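Chains as they are written, first to last, in this note's numbering: chain Y, 3 to 215; chain H, 1436 to 1616.
Glycine included, each C-beta is placed from N, C-alpha and C at the ideal position.
These numbers come from a predicted model, not from an experiment.
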């Protein structure tokens, strides 16, 4: 049996659905399931499938965990799922990201304050798919200087800027790298920087961002 | 030699349909092109004639001098928010005579459907223009529906409208009305 979560459900044939699933052992992949088996979002399943002509077909599906969500945690979980759908390559196991997804959904279900979990998930996701951010070096490989200012280029990394009113102070970037989590301005910086890198890697905007009223 | 541009455009358009992938789109295009031209044309013309009523968003064919399809519901104190056009008749058959607002889908970022795609801000516009005493959200129990309900509640709250929707799970209530008639 394989462990999986559902990232997307689409009607396929009269009584079948096409699912995008994220699995511990196979990463992201498409499988077909009948309406009778139909899994829901934000639940962990033990499942099995057999190969068929187009996509593998789910043959066994047992729910092993449910992350019940409320209020803003719905929106956060939708964002996390959309990130996975947009970034995950096909059939590449990513065990660290799989673990982080479960921790994140568990925290949302426990109604923890979502921002730290979102930042952590974004960081692990980018690292795992090869777009990780260095918080200690700039785009040229030079160490971040505490009293210099830097702007994040979503494709290249940190760029040193001369304008003293734009970008972020090197000291902030290094403080974040050291895990300083007590300063609100560092959280705002991390949110904006991660968003810049995520957006730079996508061909169109994330729909779930529009959910934030 | 590559396929005609129009043929490729047809395949791409069919590929956008729910549950249709590139191979199925190709099969549909071949099938469609073998059908009598008149029946295809009629279907497309019917789709073109239909518009959404600016108040309730039911599909209707606009008529001269008639602003909305639902003029007779004007002034009614209740509004039901339903997912699809087909839901309207089901509630009418139960005796409901109030107003409707049709979402035409549920929020699902995983399928690229957000508040912009559903034009959810139109609900606030309708409520500001013609206030109601009660709103019922008649939605299924799945994750997309619960996300949509949460978003609509937030939208109404942020617009400072003096009303909060009653959320009805149509899966467990079998489509019963949220209030006695």
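Item	Value
Proximity test, Cβ basis, 8 Å: residue 1547(H) and chain Y	yes
Distance CB(residue 1572(H))-CB(residue 1597(H)) smaller than 8 Å	no
Secondary structure of residue 1584(H), DSSP reduced to three states	helix
Against chain Y: residues of the region 1563 to 1595 of chain H by CB proximity under 7 Å	1577, 1578, 1581, 1582, 1585, 1586, 1589, 1590 and 1593
Minimum Cβ-Cβ distance from residue 1600(H) to chain Y less than 8 Å	no
Between the CA atoms of residue 44(Y) and residue 78(Y) - distance to the nearest angstrom	12 Å
Terminal residues of the alpha helix (DSSP H) in which residue 116(Y) lies	116 to 130
Chain Y contact residues for residue 1550(H), given Cβ-Cβ distances below 7 Å	212 and 213
Proximity test, Cβ basis, 8 Å: residue 151(Y) and chain H	no
Per-residue DSSP class, three states only, for residue 68(Y)	strand
Cβ pair count under 8 Å reaching 3, the region 1572 to 1584 of chain H against the region 1512 to 1525 of chain H	yes
Per-residue burial, residue 83(Y) [other beta carbons within 10 Å of its own, 16 or more giving buried]	buried
Sequence-distant residues of its chain with Cβ nearer than 8 Å to residue 52(Y) (five each side left out)	58, 59 and 61
CB contact check: residue 1650(H) to chain Y, cutoff 8 Å	The structure shown does not extend to residue 1650(H), since chain H is modelled only from 1436 to 1616, so the question has no answer here.
Helix, strand or coil at residue 1560(H) according to DSSP, with G and I counted as helix	helix
Euclidean distance between Cα positions of residue 1459(H) and residue 1450(H)	8 Å
Residue 1503(H), DSSP secondary structure in three states	coil
Any C-beta of chain Y under 8 Å from that of residue 1499(H)	no
Chain H residues whose Cβ lies nearer than 8 Å to that of residue 12(Y)	1453, 1454 and 1546
Proximity below 8 Å, CB of residue 12(Y) to CB of residue 1546(H)	yes
Helix, strand or coil at residue 169(Y) according to DSSP, with G and I counted as helix	coil
Chain H contact for residue 44(Y) (CB, 8 Å cutoff)	yes
Distance CB(residue 113(Y))-CB(residue 72(Y)) smaller than 8 Å	yes
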